[in-house]
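Some notes on the structure that comes next.
Laid out in structure tokens, this is it:
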């Protein structure tokens with residue numbers, strides 16, 4: 010027999026400034042739309058709840074339960090850059106504009122000769 014109070018997922022602690030996917034339980038369980046969205050953790054409370062800020066709308070969510078949050082790891086956000094086949098024709102077609110700008114900046118910086126500091130008089 011399964012204990013009804015046991016958690017299906019281990020307790021996760023989120024840090025301030027983490028990006029998370031949050032599912033608003035009231036909206037979800039009542040069948041309303043737009044119940045799941047990306048947030049940034051603004052503050053964590055000792056009892057395991059969090060204050061969140063919805064990234065797209067700036068909606069503030071107070072006292073959100075960590076049970077309804079999932080971490081959005083930076084590795085997932087950067088996977089398209091990390092795995093892009095940049096040496097083939099059309100390789101940049103699948104990249105976002107931000108990813109392409111970042112790669113262009115990195116390429117320009119990497120191919121520039123370092124400047125020596127001016128001699129001291």
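In our numbering, the protein residues as written are 10 to 130.
From the three backbone atoms N, C-alpha and C, an ideal C-beta is built for every residue, glycine too.
Keep in mind that this is a model prediction, so the values were computed, not measured.
Query, Result
"Distance between beta carbons of residue 112 and residue 23, contact taken as under 8 Å", "Wrong, their Cβ atoms sit about 30 Å apart, outside the cutoff."
"Same chain, Cβ closer than 7 Å to residue 71, five either side skipped, listed in chain order", "60"
"Alpha carbon of residue 41 to alpha carbon of residue 64, nearest angstrom", "20 Å"
"Burial state of residue 91, where buried means 16 or more other Cβ atoms lie within 10 Å", "exposed"
"First and last residue of the uninterrupted alpha helix (DSSP H) at residue 52", "It is not in any alpha helix (DSSP H) - residue 52 instead sits in the beta strand (DSSP E) that spans 45-53."
"Bounding residues of the beta strand (DSSP E) (the contiguous stretch that carries residue 79)", "78-80"
"Helix, strand or coil at residue 62 according to DSSP, with G and I counted as helix", "strand"
"Residue 107 burial status per 10 Å Cβ neighbour count (16 or more: buried)", "exposed"
"Nearest-angstrom Cα separation, counted from residue 32 out to residue 46", "7 Å"
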